[in-house]
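See structure below.
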Amino acid sequence: MSEQPCESLWRASAPAAPQLDQLNVDIEADVAIVGGGFTGLSTALHLAKLGFSVALVEAEEIGFGGSGRNVGLANAGLWLEPDELDRQLGPEAGRILYDALAVAPDYVFSLIKEYGIECEATRNGTLHCGVGKTGLQQLQRRCEQMQRRGAPVELLSADQAQTRIGSEKFNSALFDPRAGTIQPLGYARGLARAALQEGASLFDYSPVDNIQPDGDAWLVKTARGSIKADRVVLATNAYGEHGVKEQARKFVPIFYSQLATKPLSDKELDIILPNKEGCWDTCTVMSSFRMDQRGRLVFGGMGGERHYHKSWASQRVKELWPVLQKVEWEYTWSGKIAYSEDHLPHCQQLQRGLFSVAGYSGRGIGPGTVMGKELAEWFAGQRESLSAPMTTLRDIPLREVKRMFYEVGAHTYHIGQRTHVID
């Protein structure tokens, strides 16, 4: 569960990162942003386009955290079922957030096109894959709720799902043609280049030591420099525990691990995900799977213990796709997800001029991009409010205990799958 730069598939195959400097001087900006992931980079890009002076600091390299380690599914919406979203926020606020994120893939792919971002963008849709009776029932609910809101989703039969996935283990799948897959680190680095092109200042390897009021402004201090700004945006999500703790205490960090095979044979590629959709299943402890552009199968699941995760994944993929009797893993990596207690992203004004956006709970590509755009427009007075309600979150008690609960729960569930106690 190392937090060092990992030689993931994404890091090995992404275009080179833009050359940045450390922050080693004292500067001023309209807005300072802490965190070089999707949210921070999108905020920087859109603020710069609107004429703001922007300075972003990242503790490691651009896309070091979850933005550069995730599955790469550019989905519409959130994990929550739409009716549950309405129940939590109320019908009007629920509709506003749902509508904003329903078109998130459109916006992600439009940015990719506008700035020529090299990130293996493939818009063939995604498949939410049903396992067992409860999985089918969940997909039936989701399909009805999403279609009622105008989404062009389709519930596939068992035969259709098995053909599209290449596995007999699934009894259904919910196909969403709006979505697609990207190379997530390539997308993060592309957003950084776009922000630089629009005039933003970006600094890497510049961890924040302190954020403090400075008259009517804020002072963001690193070991060698500082940014004085009227507003500060905290966009570290699950990766702020060692510096920006104001945000980190509001969420539980959960590890998610992935492995990538060597490129598959033509025979295997004809069977496994022939249309290259990105996938995840309805299991209580979710698994994800997709292809990259070179034909590698990328398989992931909750949990951060690499040795056991690798042995579980090796058995699991053989059971899902018997054609893969010899699984050769080329890359193994993990990253952290910021889980909010209600599984919703949250925008907070922690103090006057100090803002936080985080808590995507595993779905950050579309929401992070959209929230950054909206935050910039809100600062510019172009919108009255954000799609995600401005909230005040309490610090989560017993965060480490809850993190361990998720980790042990995932490990136990995977044992159940390996011993066939669980499907």
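Counting from 2, one number per residue, gives the positions in the sequence shown under the numbering used here. C-beta atoms are modelled at their ideal positions from N, C-alpha and C, and glycine is treated no differently. Please read all numbers here as calculations on a predicted model, not as lab measurements.
Roughly how many whole angstroms lie between the Cα atoms of residue i and residue j?
| i | j | result |
| --- | --- | --- |
| Lys-229 | His-344 | 33 Å |
| Asp-160 | Leu-112 | 36 Å |
| Ile-97 | Asp-267 | 45 Å |
| Leu-197 | Leu-156 | 42 Å |
| Leu-74 | Thr-127 | 8 Å |
| Lys-374 | Val-358 | 12 Å |
| Phe-483 | Ala-49 | Shown here, the chain extends from 2 to 424; a query on residue 483 therefore has no answer. |
| Thr-223 | Ile-212 | 9 Å |
| Glu-8 | Gly-279 | 22 Å |
| Gln-352 | Met-147 | 37 Å |
| Met-2 | Met-287 | Reliability fails at Met-2, whose pLDDT of 42 lies under 50, so the model's placement of it is uncertain and the value that follows must be treated cautiously. Cα to Cα, the separation comes out at about 19 Å. |
| Pro-264 | Val-299 | 10 Å |
| Glu-199 | Asp-177 | 33 Å |
| Asn-276 | Gly-136 | 22 Å |
| Thr-123 | Asp-215 | 46 Å |
| His-421 | Leu-220 | 55 Å |
| Glu-4 | Thr-333 | For Glu-4, the pLDDT reaches just 49, beneath the cut-off of 50, and the residue's location in the model is therefore unreliable, leaving the point undetermined. |
| Leu-51 | Arg-149 | 36 Å |
| Asp-210 | Arg-225 | 10 Å |
| Ser-312 | Val-35 | 37 Å |
| Trp-281 | Thr-262 | 17 Å |
| Gly-363 | Gln-326 | 30 Å |
| Glu-378 | Gln-23 | 28 Å |
Since residue i and residue j are thought to touch, with beta carbons under 8 Å apart, how far apart are those beta carbons, to the nearest angstrom?
| i | j | result |
| --- | --- | --- |
| Arg-297 | Glu-331 | 7 Å |
| Val-132 | Thr-283 | 5 Å |
| Gly-301 | Ser-258 | 6 Å |
| Gly-37 | Asp-205 | 7 Å |
| Gly-69 | Ala-239 | About 12 Å; that fails the 8 Å criterion. |
| Gly-365 | Phe-39 | 6 Å |
| Glu-59 | Ser-207 | 7 Å |
| Leu-90 | Pro-390 | 6 Å |
| Ala-314 | Leu-260 | 5 Å |
Would you mind sorting residue i into buried or exposed? The rule is 16 or more other CB atoms within 10 Å of its CB.
| i | result |
| --- | --- |
| Ser-227 | buried |
| Gly-336 | buried |
| Ala-189 | buried |
| Gly-367 | buried |
| Val-154 | buried |
| Glu-329 | exposed |
| Asn-172 | buried |
| Thr-237 | buried |
| Gly-151 | exposed |
| Val-26 | exposed |
| Lys-251 | buried |
| Asp-87 | buried |
| Asp-217 | exposed |
| Met-350 | The amino acid at residue 350 is misidentified as Met; the sequence shows Gln. Exposed, since its Cβ has fewer than 16 Cβ neighbours within 10 Å. |
| Pro-92 | exposed |
| Glu-121 | buried |
| Gly-117 | exposed |
| Ser-289 | buried |
| Thr-393 | exposed |
| Glu-29 | exposed |
| Glu-169 | exposed |
| Gly-369 | buried |
| Ser-202 | buried |
| Gly-382 | exposed |
| Ala-18 | buried |
| Arg-295 | exposed |
| Ala-174 | buried |
Cβ of residue i within 9 Å of Cβ of residue j?
| i | j | result |
| --- | --- | --- |
| Gly-64 | Ala-195 | no |
| Leu-42 | Leu-57 | yes |
| Tyr-309 | Ala-339 | no |
| Pro-16 | Gly-181 | no |
| Tyr-108 | Val-324 | no |
| Leu-355 | Leu-235 | yes |
| Ala-105 | Ala-77 | yes |
| Ile-322 | Gln-184 | First, the residue type needs correcting, since residue 322 is Trp and not Ile in the sequence shown. No, the Cβ-Cβ distance between Trp-322 and Gln-184 is not below 9 Å. |
| Phe-110 | Phe-380 | no |
| Leu-274 | Arg-165 | yes |
| Ser-388 | Asp-100 | yes |
| Asp-31 | Asp-271 | no |
Check the DSSP bridge columns for residue i and list the partner residues they point to.
| i | result |
| --- | --- |
| Trp-281 | His-129, Ser-289 |
| Gly-302 | Ser-258, Ser-288 |
| Phe-356 | Val-234, Gln-350 |
| Asp-177 | Thr-127 |
| Asp-27 | Ser-227 |
| Lys-374 | In DSSP, Lys-374 forms no bridge with anything. |
| Asn-1 | Since the displayed the chain opens at 2 and closes at 424, residue 1 lies outside it and no answer follows. |
| Ile-212 | Val-221 |
| Met-391 | Cys-348 |
| Lys-114 | The partner list for Lys-114 (beta bridge, DSSP) is empty, contrary to what the question assumes. |
With a threshold of 8 Å, establish whether the CB of residue i neighbours any heavy atom of the ligand GDP.
| i | result |
| --- | --- |
| His-347 | The ligand GDP is absent from the structure shown, which contains no ligands of any kind. |
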